[in-house]
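Notes follow once the structure below has been shown.
Numbering (the numbering used here), first residue to last: 3 to 587.
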């Protein structure tokens, strides 16, 4: 018995073996993705805790906290009497002095705004204890200067000028289970540590997200496994129809040969600038080659390489064109995979549409899934760039959905298949708000998507030509049937030993404003930084473009991607930041 005969007689066994191997590989991949996702969740929570603790540290002055050292400093005479009557124990119902009560109310408002359970301040007391000053709690567990606790390991690290988060998911270093804590040391003008600012959140906030993520990956594996087994079963049931399939394949081959002749004719007519779908629509319809257009609901995508203009000015022309052509070839393949049509290359950018010239449902879903795979494909682009000595590229994407005019636009001698309308302009505006690696959707696109999306953040913006603010959605994942998810930025932020003063300039329509703004950089990586505004400075808004200059005169361009109500801002660099940073990260 030869190998071919063996395969013919054991198709079921072979199918079972291949299916089992595929399911095993899918399970391993799902577990890897789960661990990566959990790690990103942990990093996000840690950054949130540190940013909140920094914001809290700006909320109260050293002079205010120095007023309260004993229980007599915070309770009224009536409150003291109740305190002593209860055996020098607090019940949470004692009467506080007005200044102390006002301070607690400020912490209550802070905790509600930042969505943390507890916000508090404490100071080192002696060599082995800490003394609480004030918190946002009014229960019988209220913390006042009468409350002392042993000095924990994490507290020692913070006192030794280390900012930290107390726990990972299941390993608790503090005596309270179920809480995750961020701590920041505070210093007076003389540089002396006078207290610690802390915030707590409940661990269920992370654990619930982790469990939901695990269930999603398990369901993905089950769904794919069921699909594989079902397909195999159907294959076995219909083996007897192979003869009919052979006849069908023969007819299909004839059709393919005829279509190939048509494609060759189309290439002679239109070259390589339009997709086969557009060319087919143009030539098969009676009015296909005539001027004119029609209104059609489509999804529009704009892409742009961040910093390519300045980058290309430092390159040889042949090298810049070679790098750009390789980038376009990969991106166009992905766009065509999701039934998209490339309308135009705009310098280093791409204008593509979904849902035209041939209309189909769920074109917004296709556009979003396509944008996610395009961002993932940037790894392939940059691997090739690195091997050939070219720079690493980052791409921003903006997407909008709505009615536009599509068709042949121009003159009888020179016409082009194109799209025009306010929705096209809005898609272009949304793309300008994105940073490298980001995907931004308009509200119309977000509502048009029929599957699940993972939204990173929702922000109101005011594009030019728009009278009222618009909501844009930053997304990094899509559900069934695509199941595509971007991997997060894994570069950690390094906290600077001391805040570094920097000068910021707003950029409006690519013009740098003259007015200077004083800011301080707290933490930094090679792609982003945490900064805070100096006293009296205007607050930067999300998606604002800025230019930053350090004390040595080194500059970098950046975009605001997140901010808090207390002036803590996260920016992402949009140009090379190596000289500007000037510190190991």
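Heads up, the beta-carbon is just placed ideally off N, CA and C, and yes, glycines get one too.
Everything numeric in this text was worked out from a predicted model, so none of it was measured.
I'd like the span of the alpha helix (DSSP H) that includes residue i, first residue to last.
i: residue 376; result: 365-389
i: residue 112; result: 100-116
i: residue 329; result: 319-339
i: residue 432; result: 424-434
i: residue 540; result: Run containing residue 540: none; DSSP gives neither H nor E here.
i: residue 448; result: 445-450
i: residue 67; result: 64-67
i: residue 79; result: 79-87
i: residue 583; result: 580-583
With DSSP as the reference, identify every bridge partner of residue i, one or two as the case may be.
i: residue 197; result: 188
i: residue 136; result: 123
i: residue 313; result: Note: residue 313 sits in no beta bridge, so no partner.
i: residue 514; result: 509
i: residue 476; result: 442, 459
i: residue 557; result: 551
i: residue 253; result: Answer is none; residue 253 lacks a bridge partner.
i: residue 150; result: 133
i: residue 531; result: 526, 573
i: residue 304; result: 353, 400
Could you tell me how far apart the beta carbons of residue i and residue j are, in whole angstroms, since I believe they sit closer than 8 angstroms?
i: residue 496; j: residue 463; result: Wrong, their Cβ atoms sit about 30 angstroms apart, outside the cutoff.
i: residue 196; j: residue 64; result: 5 angstroms
i: residue 51; j: residue 123; result: Not really, about 16 angstroms apart at Cβ, beyond 8 angstroms.
i: residue 181; j: residue 204; result: 6 angstroms
i: residue 484; j: residue 457; result: That pair is no contact at about 16 angstroms.
i: residue 548; j: residue 506; result: 5 angstroms
i: residue 568; j: residue 71; result: Wrong, their Cβ atoms sit about 26 angstroms apart, outside the cutoff.
i: residue 443; j: residue 370; result: 7 angstroms
i: residue 375; j: residue 438; result: Wrong, their Cβ atoms sit about 17 angstroms apart, outside the cutoff.
i: residue 109; j: residue 136; result: 7 angstroms
i: residue 427; j: residue 345; result: That pair is no contact at about 14 angstroms.
i: residue 534; j: residue 558; result: About 17 angstroms separates the two Cβ atoms, so there is no contact after all.
i: residue 56; j: residue 524; result: 6 angstroms
i: residue 202; j: residue 183; result: 5 angstroms
i: residue 398; j: residue 433; result: 6 angstroms
Please report the residue range of the beta strand (DSSP E) in which residue i lies.
i: residue 405; result: 397-412
i: residue 2; result: The structure shown has nothing for residue 2, since the chain only spans 3 to 587.
i: residue 505; result: 496-510
i: residue 525; result: 519-526
i: residue 552; result: Where residue 552 is concerned, there is no enclosing beta strand (DSSP E), given that its DSSP letter is neither H nor E.
i: residue 574; result: 570-575
i: residue 354; result: 351-356
i: residue 620; result: Since the first and last residues shown for the chain are 3 and 587, residue 620 lies out of range.
i: residue 345; result: 342-348
Less than 8 angstroms between the beta carbons of residue i and residue j, yes or no?
i: residue 351; j: residue 305; result: yes
i: residue 328; j: residue 383; result: yes
i: residue 503; j: residue 522; result: yes
i: residue 303; j: residue 401; result: yes
i: residue 150; j: residue 127; result: yes
i: residue 431; j: residue 471; result: no
i: residue 54; j: residue 312; result: no
i: residue 473; j: residue 460; result: yes
i: residue 539; j: residue 562; result: no
i: residue 144; j: residue 94; result: yes
i: residue 366; j: residue 403; result: yes
i: residue 58; j: residue 112; result: yes
i: residue 333; j: residue 379; result: yes
i: residue 300; j: residue 358; result: yes
i: residue 131; j: residue 152; result: yes
Within 7 angstroms: the Cβ of residue i and any heavy atom of the ligand ADP?
i: residue 576; result: You won't find the ligand ADP in this model; it holds no ligand whatsoever.
Shorter than 8 angstroms from the beta carbon of residue i to some beta carbon of chain C?
i: residue 140; result: Of the chains in the structure shown, none is chain C; there is only one protein chain.
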